[in-house]
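Colleague: First residue of the sequence shown: 332, per the working numbering; consecutive thereafter.
For every residue, glycine included, the Cβ atom is placed at its ideal position computed from N, Cα and C.
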Amino acid sequence: NEASASQDQDLSLVNQDASTESEKTINLSLCDAKTVTKCHDLNNSDTTSEIIESDNQIVEGLIQEMTYDQAENIVSSEINPLYSNNDEDMAPGSVQSLSDLFDKAIKSGQKQILNWYYYSLEFENKVKSLTADGQIKDKTARSKIYKEMKPFLPNITDANLRKKTERARKILKLF
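(1) Going straight from the alpha carbon of Thr496 to that of Ser425, what length do you get?
(2) Taking the straight line between their C-alpha atoms, what separation do you get for Lys470 and Asp434?
(3) Alpha helix (DSSP H) containing Ser428: first to last residue?
(4) With a threshold of 16 other CB atoms inside 10 Å of the CB of Ala499, please say whether the residue is buried or exposed.
(5) Less than 9 Å between the beta carbons of Ile502 and Tyr448, yes or no?
(6) Which residues in the same chain have their Cβ closer than 6 Å to the Cβ of Asn446, if we skip the five residues on either side of it in sequence?
(7) Could you check the C-alpha separation between Tyr450 and Gln466 for me, to the nearest Å?
(8) Consult DSSP for Leu492 and reduce its assignment to one of helix, strand or coil.
(9) Suppose you measure from the CA of Asn477 to the CA of Leu461; what does that come to, to the nearest Å?
(10) Note the first and the last residue of the continuous alpha helix (DSSP H) segment covering Lys468.
(11) Apart from the five residues on each side of it in sequence, which residues of its chain come closer than 6 Å, Cβ to Cβ, to Lys457?
(12) Return the CA-CA distance between Met480 and Lys442, expressed in angstroms with no decimal places.
(13) What would DSSP say about Phe483, mapped onto helix, strand or coil?
What follows is the structure, encoded as structure tokens:
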């Protein structure tokens, strides 16, 4: 099935002849995709880290744009009194039911991003309070916080906790 194969593709790279042109397609949903094209001159001495950093900035910009557009949709739907969120008014399989499920999926994604944002904000505030007197360094403060959190998160490994916190910090930096 060609349609499902193209929907499953989250990221595609296309290279051209004279210059390297990479095209990234990021699926926002099954029917909405954004494409960003970035050209690199082969004669240009871009280092790998500069290219990766540039690509990360593009992805972060898209994430910020997505969350802004979605937040705007939520606000407008909450303001509109004609908007019905009542599941009983919709027949299963109807277009309205499908649209409602789509809206719920978007809102749950936004809530998840917002939760990671608040976690990171609180974590960074705790790091600042521990390092404020200058006696404890940033890395030591973070390790201390991780050790204090660990008993409350028995199913999370230390490495996973650090990785998830780092990802949350990236979300915090976006906003």
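Modeller: In brief:
(1) Here residue 496 refers to the residue found at position 165 of the sequence shown. Here residue 425 refers to the residue found at position 94 of the sequence shown. Taking the straight line joining both Cα atoms gives about 40 Å.
(2) Translated into positions along the sequence shown, residue 470 becomes position 139. Translated into positions along the sequence shown, residue 434 becomes position 103. Going by the C-alpha atoms only, they are around 40 Å apart.
(3) Working through the sequence shown from its first residue, we reach residue 428 at position 97. Residue range Val426 to Thr462 is occupied by the alpha helix (DSSP H) that includes Ser428.
(4) Residue mapping note: residue 499 aligns to position 168 of the sequence shown, counting from 1. By the Cβ-count criterion, Ala499 is buried, with 16 or more other Cβ atoms from all chains shown falling within 10 Å of its own Cβ.
(5) Residue numbering aside, residue 502 sits at position 171 when the sequence shown is read from its first letter. Residue numbering aside, residue 448 sits at position 117 when the sequence shown is read from its first letter. Judged by beta-carbon spacing, Tyr448 lies within the 9 Å limit of Ile502, meaning their Cβ atoms are closer than that value.
(6) In the sequence shown, the residue the question calls residue 446 occupies position 115. Contacts found: none.
(7) Along the sequence shown, read from residue 1 onward, the residue named residue 450 stands at position 119. Along the sequence shown, read from residue 1 onward, the residue named residue 466 stands at position 135. Distance between the alpha carbons of Tyr450 and Gln466: 25 Å.
(8) Along the sequence shown, read from residue 1 onward, the residue named residue 492 stands at position 161. Residue state, collapsed to three classes: helix.
(9) Stepping through the sequence shown from its first residue, residue 477 is reached at position 146. Stepping through the sequence shown from its first residue, residue 461 is reached at position 130. Sequence check: residue 477 is Tyr here, not Asn. Computed Cα separation, rounded: 13 Å.
(10) In the sequence shown, counting from the first residue as 1, residue 468 sits at position 137. Per DSSP, Lys468 belongs to no alpha helix (DSSP H) and is neither H nor E.
(11) As a working mapping, residue 457 is identified with position 126 in the sequence shown. Cβ neighbours of Lys457 within its own chain (closer than 6 Å, five residues either side excluded): Ile476.
(12) Looking up residue 480 in the sequence shown gives position 149. Looking up residue 442 in the sequence shown gives position 111. Distance between the alpha carbons of Met480 and Lys442 is about 22 Å.
(13) On the sequence shown, residue 483 is found 152 positions in, with the first residue counted as 1. It is helical.
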